[in-house]
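There are 2 protein chains.
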Amino acid sequence: MADYQQMWANLGMDLEKHDVLCEVLPEAFGGVYLTQQDRPKGMDFYDFVVSEIHGVRPAEMLQHQKEGGKVFGTFCVYVPDEVVFAAGGIAAGLCGGSQFWVSGGEKVLPANTCPLIKASVGARLDKTCPFFLIPDMYVAENTCDGKKKAWEILAGEVPMHIIDIPQMKRERDVAAFAAEIRDFIGVVEKVTGKKINAESLGEAIKLINNKRRALQRVYNARKASPVPISGKDALLVTQINFYDDPARAAQMANNLADELEQRINNGTGVFPENAPRIMISGTPMAIPNWKLHHIVESLGAAIVVEESCTGTRYFENLVDETASTLDEQIRALAERYMKTNCACFTPNSARIDDIIRLADEYKVDGIIDTNLQFCNLYSTESYLIKQVMTERNLPIIHIETDYSEQDFEQLRTRVEAFLEMLRK
Amino acid sequence: MADYQQMWANLGMDLEKHDVLCEVLPEAFGGVYLTQQDRPKGMDFYDFVVSEIHGVRPAEMLQHQKEGGKVFGTFCVYVPDEVVFAAGGIAAGLCGGSQFWVSGGEKVLPANTCPLIKASVGARLDKTCPFFLIPDMYVAENTCDGKKKAWEILAGEVPMHIIDIPQMKRERDVAAFAAEIRDFIGVVEKVTGKKINAESLGEAIKLINNKRRALQRVYNARKASPVPISGKDALLVTQINFYDDPARAAQMANNLADELEQRINNGTGVFPENAPRIMISGTPMAIPNWKLHHIVESLGAAIVVEESCTGTRYFENLVDETASTLDEQIRALAERYMKTNCACFTPNSARIDDIIRLADEYKVDGIIDTNLQFCNLYSTESYLIKQVMTERNLPIIHIETDYSEQDFEQLRTRVEAFLEMLRK
């Protein structure tokens, strides 16, 4: 592993505290990932990224800044990365997925805040993550109460632009989102000093669409039985796609998809054909949150799809590439992003339709509907989802968890009982 | 007390369960309210309303419906009652303030939901409150995550219209709120069968403004030292104003204000002049939530102002009465409602300005910043508020509580220590 100590020091990181994280992560990753059997060779790239997680990509970002480029940190799948790349910038997802950062967030946020928000704020305030220190600007968004207010605290730390996400999906809400994208273009142009035009935005739309297409190929492969890739591995691919260079991300996901398609042709799988096929629905799992996937798959079930922001919501819909003027492109972006069904919208019955459709496409035996503790949006929707799935005889359990390991055994017991029921 | 059993039965209420509530409430009210010394005579009306709380006003509403009128139940100070009254309807605030209803809400909502939302949903589902059963329509609003999702569950019970409240306060957000008011006018016209015009809306604007002016007079009187009315009594006045007939509400508040102004002339107060003067800031206290006020005032401090939806946020701003066309009136309504500073907006620094201003106007010695458990919006803002107030040497404590009595002693101890500090 290369030595990044100087780079981290230059970023003003708390090196002593950061060392603690650097000691735990490889071991955790080894236990969860490297013990898996028959992993696709295409996972080597992602394993390498994790092995240098705070080194290789941050170094690229710093190099980009050295060459005059700008870096934008984001926290949500509703932020249109296309705009940033159209101006020659880098957009990188920052969401924190480790308990390590939670206590830092709790210094300023109510303990009753979801761990993703607490970890994200803590990672910045404690200066233990290079990704949070590099960006020239954070691009945040009004999706849930917790994030909306957390931005007010982070705004004291770093320049921020807030995208106001509509709460409903009427025509005027799509128009409102288009107006937000227009504003965002202005902000990005100002920060980067580069004008965005139909040509550059068109290219960026293709760039990000290509990443989505590659992820769609990986996910499509998971529809096969036996499933050629574990849920843990697929989750890692998505997690890393959030902040990797999008062209490389597409390339690597396409390489992996080639291999998975070959495996399907050969009938090769990583779980026996009769292993229960599980869908995870609900809140995102930011890197390195692999807890639930690890529990489920260690019990012999295969997670074949995630209906989440670190799953299908991230890449399912493409932006219309035939839009040729800036106005048309902005409209196409607004329409694409407003197709994503987050629980922050009301009503949000289209999300239930998504779950039904995915359960069918991925031949799911049971759904583990999960939400991060204190996420009122997803936990309230779980009531409505359970009603519909029960009517359709689709087995479902609801799990609320956080980033700590305290509930590990309890979750294992609950998941085990659920899988037992599916196997009958 | 009149016999309303038949009326309640006709509403489909759970009479047995409701009897339990009817037994507890008078005793609770007696202990909290009737033990106070030197209460203004003007409080007799409000005492009467509480003594017949599920009788007299519901009977009026039912009579209104019998005569062809419609009733709209609301949950938020952002719902423009003016529109309902302009169409000859009745708007009535429904927010639940009792622990009695919480368990009913928890049957369908996550336990991690604020007690106000759980109680409101429980009051409807358990059929133990006539106010929740009478309305022809609920007019809900997208303010916080908990409410936004709870409406999706309540929508299975009763016709609902949702007003989409903006999350920011830019010019385009005021315009968006005006568009929501326009939609709401259409909905109310349809439900009532009555057209709203500039004349009827103008009259309704005056009607509701008059109620606001009357409440402003009551609150202005609280600026005097010694304070001529307890915080508990003032809170009760506001709570009842949420659902009483607005013309009567104004009349009764004006009568009370006359008496309070007389008291000020006479130098009569309900607390000694040296009693600590307290501001409560934060989340609303729906009837019959008197817990914190009771604790504070039982310890000898006077609550002189509430920066909350059951306080200044309810009546501080008036709608411009010079607007003469429907378009102008809609705009004036949007501007007035968007002046209210709820923590659901971002940024919301104007709320901090409000608190600073109120502390000065009401000559406040200390602030008790309070939030209902699991209200992430207000609890996150409390961090920012505490920072500013501490810089200004304004003593402040933050209290998180719910509707249960479990934390009563603990709160008393904390408030006592805070008051002790103020008295030094």
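Line by line, the protein sequences are chains F and L.
full-length UniProt numbering numbers the first residue of the first sequence as 1 and each following residue consecutively.
full-length UniProt numbering numbers the first residue of the second sequence as 1 and each following residue consecutively.
Ideal Cβ positions, reconstructed from N, Cα and C, are used throughout, including at glycine.
Query, Result
"Would you call L:Val20 buried or exposed, if buried means 16 or more other Cβ atoms sit within 10 Å of its Cβ?", "exposed"
"Quick check on L:Val24: does DSSP put it in helix, strand or coil?", "helix"
"Of the choices F:Thr74, F:Gln406, F:Gly12, whose alpha-carbon is the least far from that of F:Phe184?", "F:Thr74"
"So F:Val83 and F:His294 are supposed to be a Cβ contact under 8 Å. How far apart are they, rounded?", "In fact, because the Cβ distance is near 36 Å, the residues do not count as touching under 8 Å."
"Could you compute how far the alpha carbon of L:Gly89 sits from the alpha carbon of F:Ala253?", "60 Å"
"Could you work out which residues of chain F lie near L:Thr380, taking near to mean beta carbons separated by less than 9 Å?", "Val108, Leu109, Pro110, Thr113, Asp145, Gly146, Lys148, Lys149, Ala150, Glu152, Ile153"
"Indicate, with yes or no, if the ligand ADP has a heavy atom lying under 7 Å from the CB of F:Ala417.", "The ligand ADP is not among the ligands present in this structure, which contains no ligands whatsoever."
"Tell me which residue opens and which closes the beta strand (DSSP E) that L:Met137 is part of.", "137 to 141"
"For L:Gly282, I'd like the list of residues in its chain whose CB is within less than 7 Å of its CB, leaving aside the five on either flank, ordered along the chain.", "Ser308, Asp369, Thr370, Asn371, Tyr378"
"I'd like the ranges of any beta strand (DSSP E) spanning at least 3 consecutive residues and lying wholly in the region 72 to 160 of chain F.", "90 to 93, 137 to 141"
"Is L:Pro347 close to chain F? Criterion is C-beta to C-beta, closer than 8 Å.", "yes"
"Counting C-beta neighbours from all protein chains within 10 Å, is the total for F:Lys211 16 or more, i.e. buried, or is it exposed?", "buried"
"For my contact list, F:Leu154 and F:Val218 are in at a C-beta cut-off of 8 Å; report their separation, rounded to the angstrom.", "So it is not a contact: roughly 33 Å between Cβ atoms."
"Using 8 Å as the limit for Cβ to Cβ distance, is F:Asn255 near chain L?", "no"
"Residues of chain F with CB under 7 Å from L:Asn142, in chain order?", "Gln167, Thr346"
"According to DSSP, which residues form a beta bridge with F:Leu372?", "F:Thr401"
"Report the residue from L:Asp136, L:Arg170, L:Met168, L:Asp145 whose alpha carbon sits nearest the alpha carbon of L:Gly161.", "First, the amino acid is wrong: residue 161 of chain L is His here, not Gly. When only C-alpha atoms are compared, the closest one is L:Asp136."
"Determine the DSSP secondary structure at L:Ser281, reduced to helix, strand or coil.", "strand"
"Just the Cα atoms here: how many angstroms apart are L:Ala234 and L:Ile287?", "12 Å"
"Nearest-angstrom Cα distance between F:Val77 and F:Lys223?", "23 Å"
"Quick check on this structure: which residue in F:Leu116, F:Gly311, F:Pro110 has the alpha carbon closest to the alpha carbon of L:Tyr383?", "F:Pro110"
"If the cut is a Cβ gap below 8 Å, which residues of chain L does F:Ala179 touch?", "Arg172"
"Would you identify the three-state DSSP class for F:Ile53, choosing helix, strand or coil?", "coil"
"Residues in the region 365 to 391 of chain F with C-beta within 7 Å of chain L's C-beta atoms, listed in sequence order?", "Phe374, Asn376, Leu377, Ser379, Thr380, Glu381, Tyr383, Leu384"
"Output needed for F:Lys148: all residues of its chain with C-beta closer than 6 Å, excluding positions within five of it in sequence on either side, in chain order.", "Asn142"
"On the CB-based measure, 16 or more other CB atoms within 10 Å of its CB, does L:Arg124 come out buried or exposed?", "buried"
"Check whether the region 337 to 350 of chain L and the region 171 to 180 of chain L touch, using three or more Cβ-Cβ pairs below 8 Å as the test.", "yes"
"Please confirm whether F:Gly12 and F:Lys127 have their CB atoms less than 8 Å apart.", "yes"
"Between which two residues does the alpha helix (DSSP H) carrying F:Ala214 extend?", "198 to 221"
"Among F:Ile355, F:Phe408, F:Leu256, which one has its Cα closest to the Cα of residue 432 of chain F?", "With chain F running from 1 to 424 in the structure shown, residue 432 of chain F is simply not present."
"Roughly how many angstroms separate the alpha carbons of L:Gln6 and L:His18, rounded to a whole number?", "13 Å"
"At which residues does the alpha helix (DSSP H) containing L:Glu328 begin and terminate?", "326 to 337"
"Taking the continuous beta strand (DSSP E) assigned at L:Glu306, which residues delimit it?", "302 to 307"
"Taking the alpha carbon of F:Leu25 as the point to measure from, which residue in F:Trp101, F:Met61, F:Ala87 has its own alpha carbon closest?", "F:Trp101"
"Would you kindly check if the distance between the Cβ of F:Cys344 and the Cβ of F:Ile117 is under 8 Å?", "no"
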